[in-house]
Amino acid sequence: MDIDFANLQLQYQKYKADIDANIQAVLNKSNYIMGEEVHELERALEGFTGAKHAITCSSGTDALLLAMMAMDIQPDDEIITTPFTFIATAETIALMKAKPVFVDIESDTFNIDANLIEAAITDKTKAIMPVSLYGQPADMDTIQAIADKHNLKVIIDGAQSFGSTYNDKTDSNLGDISTTSFFPAKPLGCYGDGGAVFTNNDEYAKIIKTMRVHGQNKRYHHKYIGMGGRLDTIQAAILLAKLPYYTQELSGRQQVAQHYTDALSDRLQTPVIRSNRSSAWAQYTVRVNNREALQAMLKDNSIPTVVHYPMPLHLQECFQYLNYKQGDFIISEKASRDVISLPMNSFLSNEEVIHICSNLNK
Ligand SMILES: Cc1ncc(COP(=O)(O)O)c(C=O)c1O
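Each residue of the sequence shown is one higher than the one before, starting from 1 at the first, in this note's numbering.
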């Protein structure tokens, strides 16, 4: 049994007729840049998420940059975020010449510990950037209350959580701006790079649409310093073909997650999803205390695993200038040593999940 981590090949085979037809339509029209499929996808994403505006863009990384550009984040502004995330979260803050300020995570959900945020606020703080890690939104009620109290903005890095919910709202419909990634292995992936920004704020939406085309408000007239940040029409066409199946995909992922939890929770720390939330299950991540040996054993049994993430951001070389040190965020540091993500996609069969779990339990 050879298990595939994300199973993109099987996914394509399942949706091949729809995807091929949509790509062919773009080729026939040659409307490669900002074709009508891009706008059609944006309306469909608004319908799916409940957000007033969905603005597609070139990646989840660029979505974060566009969000901060819309908020006019300035050099030396501080943005509070988690050190236990993919680099893009804090990298984009630094690219804006602002300062990422880290606070530690909850040890069970791996999301930012909202109770630690207030202590990190200074007169330079402009925004809080929670990450919906592995697919589950953070404690948005507490985060929003802190933001309201201190007049801060909330940008949700929802790269991993498209379709997840918090109190029955999608996490694209929370905060001031929420973002996502359509990287191929993400829960809703295109077949290249892609992303989106979501907001209910008309003014932000207007600026973001301008920013993604070089700050241009009329051809060759540039109101802002922006970026080349559009989603390709072909990627929009692929996402349009996949979106109708996405609710089914989410429930497939949920079933796989439940199967894992039922089989593994006696022996391992399995994911904790709070009762007012649902996860898009970008990853199914457990904690183990013998990770390297376990990974090698699973690999010998054709079971691929990935570590998300082996080094927290405050210890990364690129952030040395922030002067954090080992021991500053012990829960994130311990998570980096313990976590391991198991194969996750909606096409995993019962036999495959049983095979993975019986090897793990061994
Ligand atoms: C938490 C998080 N933020 C941002 C990104 C960046 O998304 P992209 O790869 O589409 O630029 C990712 C992608 O892995 C991510 O996991």
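Glycine included, every Cβ here is placed at the ideal spot set by N, Cα and C.
Where cysteine 357 falls: helix, strand or coil (DSSP):
helix
Check the DSSP bridge columns for leucine 342 and list the partner residues they point to.
Tyr284
Can you pull every residue whose C-beta falls closer than 6 Å to some heavy atom of ligand 1, listed in chain order?
Ser59, Gly60, Thr61, Thr85, Phe86, Ala88, Thr89, Val131, Asp157, Ala159, Gln160, Ser181, Phe183, Asp193, Gly195
So, at 7 Å on beta carbons, what are the nonlocal neighbours of leucine 41 in its own chain, with the 5 sequence-adjacent residues on each side left out?
Thr56, Ala236, Leu239, Leu240
Can you check which of these residues, Asp62, Ser164, Thr109, Gly195, is closest to serine 279 by C-alpha distance?
Ser164
Between the C-alpha atoms of aspartate 157 and methionine 129, what's the straight-line distance to the nearest angstrom?
7 Å
Backbone secondary structure at methionine 129 - three-state DSSP
strand
Do phenylalanine 86 and tyrosine 321 come within 8 Å of each other at the CB atom, strictly closer than that value?
no
Indicate the three-state DSSP secondary structure (helix, strand or coil) for glycine 228 in the structure shown.
strand
My assumption, with CB atoms under 8 Å, is that proline 304 sits in contact with proline 343. Please give the rounded CB distance.
The Cβ separation is near 6 Å, so the contact holds.
Alpha-carbon to alpha-carbon, glutamine 144 and glycine 60
22 Å
Contact belief for isoleucine 79 with lysine 126 at Cβ below 8 Å, rounded distance in angstroms
6 Å
Identified DSSP bridge partners for proline 100
Ile79
Tell me the rounded alpha-carbon separation between tyrosine 269 and cysteine 318.
According to the sequence displayed, residue 269 carries glutamine and not tyrosine. Going from the Cα of glutamine 269 to the Cα of cysteine 318 covers about 31 Å.
Enclosing beta strand (DSSP E) for isoleucine 177 [first to last residue]:
177-181
Quick one: residues in its chain with C-beta nearer than 6 Å to the C-beta of alanine 88, no 5 flanking neighbours on either side, listed in chain order?
Thr61
Whole-Å CB distance - alanine 196 paired with threonine 180, under 8 Å assumed:
5 Å
By DSSP, does glutamine 255 sit in helix, in strand, or in coil?
helix
First and last residue of the alpha helix (DSSP H) that includes phenylalanine 48?
36-49
Give me, in chain order, the residues of the same chain whose beta-carbon lies closer than 8 Å to that of serine 302; leave out the 5 immediate sequence neighbours on both sides.
Met1, Asp2, Ile3
At least three beta-carbon pairs within less than 8 Å, the segment 257-269 to the segment 204-224
no
My assumption, with CB atoms under 8 Å, is that isoleucine 117 sits in contact with isoleucine 146. Please give the rounded CB distance.
5 Å
Helix or strand or just coil, what does DSSP make of serine 278?
strand
DSSP three-state call for isoleucine 33: helix, strand or coil?
strand
Since valine 131 and threonine 199 are thought to touch, with beta carbons under 8 Å apart, how far apart are those beta carbons, to the nearest angstrom?
In fact, because the Cβ distance is near 18 Å, the residues do not count as touching under 8 Å.
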